[in-house]
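Below is one structure, written out as structure tokens; the observations come after it.
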Amino acid sequence: GAVVSQHPSWVICKSGTSVKIECRSLDFQATTMFWYRQFPKQSLMLMATSNEGSKATYEQGVEKDKFLINHASLTLSTLTVTSAHPEDSSFYICSARDQVGSGINTGELFFGEGSRLTVL
Amino acid sequence: AQSVTQLDSQVPVFEEAPVELRCNYSSSVSVYLFWYVQYPNQGLQLLLKYLSGSTLVKGINGFEAEFNKSQTSFHLRKPSVHISDTAEYFCAVISLAGGTSYGKLTFGQGTILTVHP
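Residue numbers (the numbering used here), protein chains in the order written: chain A, 1 to 120; chain B, 1001 to 1117.
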């Protein structure tokens, strides 16, 4: 299947700093990518939908100024956690849908490996 | 809006025993249904999906699931599990309704399957 890569896999930062997480589709183009957040022992919660060339669509309750999303190309979306605090510590996962023949009918999203953020 | 409920947060089972992980969903419109597996500190891998057609869906690693529209369920089964099946399993749905919900994947709470020797 298609490959989605996230970087970094692990990041530890001090409170107040900003952290950028990259999500790349390695062998396909993705006009839409999704960012999820997963707390320990909990399910994945959709944070936002990243659209290539336009603004991201955020879910209710997600701070747009806190979690900056940039989808600059068909293979790259970035999530920047600004002024990170310990409560932002979490596992962040991105996913992408293969643009070719995707639509909703294939139904399959390809997930990155996840990025674990720890804010001290 | 749609929702997904996985009825068991943890399922312990012995190796080579059968297992069923339960999933119920709620939606006012048609949905597509999925099961994903997550190994520790990794992303998600698709096990199987139901889009239409036969209600019995076969996936990877010997897993299968049956869509039951009247009971709004999509339980995951495997006749004989291995140690390597130990992981967390997520049931998910995609809404086919229009508007902002279209195409969004909603996950259940997850079920941790632990296979003991």
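Beta carbons are placed, not taken as given, at the ideal position from N, Cα and C, and that holds for glycine.
Treat the numbers as computed from the prediction; the structure is a model and nothing was measured.
With a contact defined as Cβ atoms closer than 8 Å, TYR1025(B) and PHE1074(B) qualify at about 7 Å. Taking one beta carbon from each stretch, the segment 1008–1028 of chain B and the segment 54–66 of chain A have fewer than 3 pairs nearer than 8 Å; the two do not touch.
Sequence-distant Cβ neighbours of ILE12(A) in its own chain, meaning closer than 6 Å and more than five residues away, are THR118. Contact between TRP35(A) and LEU79(A) is confirmed by a C-beta separation of about 5 Å, below the 8 Å threshold. With respect to GLY1059(B), SER43(A) sits apart: the two C-beta atoms are not nearer than 8 Å. Here the C-alpha atom of LEU1056(B) lies approximately 6 Å from the C-alpha atom of ALA1065(B).
If you ignore the 5 residues before and after LEU109(A), its C-beta comes within less than 8 Å of the C-beta of PHE34, SER95, ALA96 and ARG97, all in its own chain and listed in chain order.
With fewer than 16 other beta carbons inside 10 angstroms of its own, GLN1071(B) counts as exposed. Bounds of the beta strand (DSSP E) holding VAL1004(B) are 1003–1006. Here PHE39(A) is exposed, its C-beta having fewer than 16 other C-beta atoms within 10 Å.
In terms of beta-carbon proximity, SER43(A) lines the interface with chain B, with at least one pair separated by less than 8 Å. The residues GLU1016, ALA1017, PRO1018 and GLY1062, in chain order, have a CB closer than 8 Å to that of SER1080(B) in the same chain once the five nearest residues on each side in sequence are set aside. Here DSSP, grouped into helix, strand and coil, assigns PRO8(A) to coil. For ASP88(A), same chain residues with a beta-carbon under 7 Å away, outside a window of 5 residues either side, are VAL81, LEU117 and VAL119 in chain order. With contacts defined by Cβ atoms closer than 8 Å, GLY16(A) and SER83(A) form a contacting pair. Taken in chain order, the complete beta strand (DSSP E) segments of 3 or more residues contained in the segment 1020–1050 of chain B are 1023–1026, 1031–1038 and 1044–1050. The beta carbon of ARG116(A) falls within 8 Å of a beta carbon belonging to chain B, placing the residue at that interface.
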